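Enquirer: Sharing a structure here in structure tokens format.
Numbering (the numbering used here), first residue to last: 1 to 487.
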């Protein structure tokens, strides 16, 4: 699976898990290999390059910019303290991230630097490697906090494909698919028009020789299809909805070139899109000063707010245990909020809503699980052998309506996974799990478990166990949200 353009990493990771489980028996799953491929935007292309350099160069004239770049090339070699370097960069970005829409003289320089990087000019390339190393180390900490299972080996950014770009352009030219248009090298896939009704170009090389996202994405697609260690049968791209046309054109050009086939078999190409996260004002989520909000800051605040939830529910827990639970609840709340909304729709980010103990939220689901684990602890304290009683029965006694309702819903779990994976929509699974928790609550309210008759208790203990295992599997194994035994 491949991704780029700022999508939630954990979203793609859990879709990956769902596709692995859904619709496959164990024997089939052993024949399938999932390859995680984090397509980092570690390279600057054309206008994107200008935007990357913009925050650092705003308000400077050409001579200032040239001097600043030369100074940076010298200074970076002597920076050894990672923490100080990151703090310095963070301060720089925060204090001058304004006015990027203005036309200012650094644009020509940023384009030249991009071309230098693609040529791997020594000084520029070494400086870029330094910045990339700092960035990936910083991102790695966030990956671990989110429970995203990515290693350095999974990261293949745009720079990985740099040496493959000339072949992509050359092969498209040789086949007659790529032509010159206004000095640029373009492919014109059928069915795509400009607003004026003219053929829409898929530009793979600019007139100054610089490559673009289109070039890199074609190289990446070709690599994933043909690389012996990969040989992908399905490639899933997870990005925001603004990239729809880009990927439609990418897939069409790949089809025209025959790059979406291997040994005569067509490779499935899927583009999974998601909407935007909005603030309470209905606009894209920003800080009060209008800057983009950092994911790390959101996660830290979610954990801090979750501490009050844990304190309210279980004030007598040891401090270290409270901190552990708050981490699971806070991070889980942010992730669950993404999953529980239709992925193609925009949604309003609200800490109060996502940390609520009622409704379709992670804390509600985690509390439902903790509640069942509490029942199990009480059973053990009374000398009840849960495993012997619940797993020794040969038939379920579901005579009570809420028992039957819960049992039927548990039986539909596989169906929920299949429908979720078929359309890449985790909100189908969260809806199922939320309904499961509600049905369990109704069952527990109406049907005594530990005080049930000897004939009834085994079935009810089994329903508790199955519900807990289903919630744990759905949240932890498929959605990457930690469950806790206590809240």
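We put the CB at the ideal spot given by N, CA and C, even for glycine.
All values reported here derive from a predicted model rather than from experimental measurement.
Among 357, 402, 172 and 285, whose alpha-carbon lies nearest the alpha-carbon of residue 445?
Expert: Taking the first residue of the chain shown as position 1, residue 445 is located at position 445. Among 357, 402, 172 and 285, the Cα nearest to that of residue 445 belongs to 402.
Enquirer: Locate the alpha helix (DSSP H) running through residue 323, then write down its first and last residues.
Expert: Within the chain shown, the letter at position 323 stands for residue 323. Its alpha helix (DSSP H) spans residues 319-340.
Enquirer: DSSP three-state call for residue 196: helix, strand or coil?
Expert: Looking up residue 196 in the chain shown gives position 196. Three-state DSSP puts residue 196 in coil, outside helix and strand.
Enquirer: For residue 239, count neighbouring Cβ atoms within 10 angstroms of its own Cβ and tell me buried if that reaches 16, exposed if not.
Expert: For this step, residue 239 is matched to residue 239 along the chain shown. Burial call: buried.
Enquirer: Find the nearest neighbour of residue 138 within the set 296, 171, 192 and 182, judged by alpha-carbon distance.
Expert: What you label residue 138 is simply residue 138 of the chain shown in a count that begins at 1. Ranking the options by Cα distance to residue 138, first place goes to 296.
Enquirer: Would you call the CB atoms of residue 404 and residue 416 closer than 8 Å?
Expert: In the chain shown, residue 404 corresponds to position 404, counting from 1. In the chain shown, residue 416 corresponds to position 416, counting from 1. Against a cut-off of 8 Å, the Cβ pair of residue 416 and residue 404 comes out as no contact.
Enquirer: Buried or exposed: where does residue 343 fall if 16 or more other Cβ atoms within 10 Å of its Cβ makes it buried?
Expert: For the purposes of this step, residue 343 is identified with residue 343 of the chain shown, where counting begins at 1. Burial call: buried.
Enquirer: Short check: CB of residue 479 to CB of residue 335, under 8 Å?
Expert: Taking the chain shown and counting its residues from 1, the one referred to as residue 479 is at position 479. Taking the chain shown and counting its residues from 1, the one referred to as residue 335 is at position 335. Going by C-beta atoms, residue 479 is nearer than 8 Å to residue 335.
Enquirer: Where do the ends of the beta strand (DSSP E) carrying residue 356 lie?
Expert: Along the chain shown, read from residue 1 onward, the residue named residue 356 stands at position 356. From DSSP, residue 356 is part of no beta strand (DSSP E); its letter is neither H nor E.
Enquirer: Helix, strand or coil for residue 447, going by three-state DSSP, please let me know.
Expert: On the chain shown, position 447 is the one that residue 447 refers to. Residue 447: coil per DSSP, three-state reduction.
Enquirer: Helix, strand or coil: which one does DSSP assign to residue 215?
Expert: The residue labelled residue 215 in the question sits at position 215 within the chain shown. Reduced to three states, the DSSP call for residue 215 is helix.
Enquirer: Which residue wins for smallest C-alpha separation from residue 150, given the options 158, 161 and 136?
Expert: Here residue 150 is taken as the residue at index 150 of the chain shown, counted from 1. Closest option to residue 150, Cα to Cα, is 136.
Enquirer: How far does the alpha helix (DSSP H) with residue 367 in it reach, from first residue to last?
Expert: Here residue 367 refers to the residue found at position 367 of the chain shown. Segment 362-381, the alpha helix (DSSP H) holding residue 367.
Enquirer: Excluding five sequence neighbours on each side, which residues of the same chain lie with their C-beta closer than 8 Å to the C-beta of residue 502?
Expert: Because residue 502 is not part of the residues shown, which for the chain are 1 to 487, the question remains open.
Enquirer: How about residue 357 and residue 364: are their beta carbons less than 8 Å apart?
Expert: Residue 357 sits at position 357 when you count from the first residue of the chain shown. Residue 364 sits at position 364 when you count from the first residue of the chain shown. Yes, the Cβ-Cβ distance between residue 357 and residue 364 is below 8 Å.
Enquirer: Hey, could you find the ends of the alpha helix (DSSP H) residue 246 is sitting in?
Expert: Start at 1 with the first residue of the chain shown, and residue 246 comes out as number 246. Segment 244-257, the alpha helix (DSSP H) holding residue 246.
Enquirer: Using the Cβ count rule (16 or more neighbours within 10 Å means buried), how would you classify residue 158?
Expert: Your numbering for residue 158 matches position 158 in the chain shown. With 16 or more Cβ atoms within 10 Å of its Cβ, residue 158 is classed as buried.
Enquirer: DSSP three-state call for residue 484: helix, strand or coil?
Expert: Here residue 484 corresponds to residue number 484 of the chain shown, with the count starting at 1. Coil, per DSSP.
Enquirer: Between which two residues does the beta strand (DSSP E) carrying residue 203 extend?
Expert: Within the chain shown, the letter at position 203 stands for residue 203. Looking at the DSSP string, the run of the beta strand (DSSP E) that includes residue 203 is 202-205.
Enquirer: Taking the C-alpha atoms as reference points, what is the distance between residue 470 and residue 434?
Expert: By 1-based counting over the chain shown, the position of residue 470 is 470. By 1-based counting over the chain shown, the position of residue 434 is 434. Approximately 11 Å, taken between the alpha carbons.
Enquirer: Pull up the distance between the alpha-carbon of residue 322 and that of residue 300, whole angstroms please.
Expert: The residue given as residue 322 occupies position 322 in the chain shown. The residue given as residue 300 occupies position 300 in the chain shown. Using only the alpha carbons, I get a separation of about 15 Å.
Enquirer: Does the Cβ-Cβ distance between residue 393 and residue 482 come in under 8 Å?
Expert: Looking up residue 393 in the chain shown gives position 393. Looking up residue 482 in the chain shown gives position 482. No, they are not a contact pair.
Enquirer: Could you tell me if residue 372 is buried or exposed, where buried requires 16 or more neighbouring beta carbons within 10 angstroms of its beta carbon?
Expert: Counting from one through the chain shown, the residue named residue 372 turns up at place 372. Residue 372 is buried by the Cβ-count criterion.
Enquirer: DSSP three-state label for residue 166, please.
Expert: Taking the chain shown and counting its residues from 1, one reaches residue 166 at position 166. In the structure shown, residue 166 sits in a helix (DSSP, three-state: H, G or I).
Enquirer: What's the gap between the Cα of residue 199 and the Cα of residue 190?
Expert: Position 199 of the chain shown, counted from the start, is the residue given in the question as residue 199. Position 190 of the chain shown, counted from the start, is the residue given in the question as residue 190. Distance between the alpha carbons of residue 199 and residue 190: 8 Å.
Enquirer: At a cut-off of 7 Å, would you count residue 458 as near the ligand FMN, judging by its Cβ distance to the nearest heavy atom?
Expert: By its list of ligands, the structure shown contains no ligand whatsoever, and the ligand FMN lies outside what it can speak to.
Enquirer: For residue 409, I'd like the list of residues in its chain whose CB is within less than 7 Å of its CB, leaving aside the five on either flank, ordered along the chain.
Expert: Taking the chain shown and counting its residues from 1, the one referred to as residue 409 is at position 409. For residue 409, where only same-chain residues beyond five positions count, the Cβ hits under 7 Å are 435, 436 and 439.
Enquirer: If I measure Cβ to Cβ from residue 468 and keep anything under 8 Å in the same chain, skipping five residues before and after, which residues do I get?
Expert: For this step, residue 468 is matched to residue 468 along the chain shown. Same-chain partners within the cutoff: 369, 372, 373 and 376.
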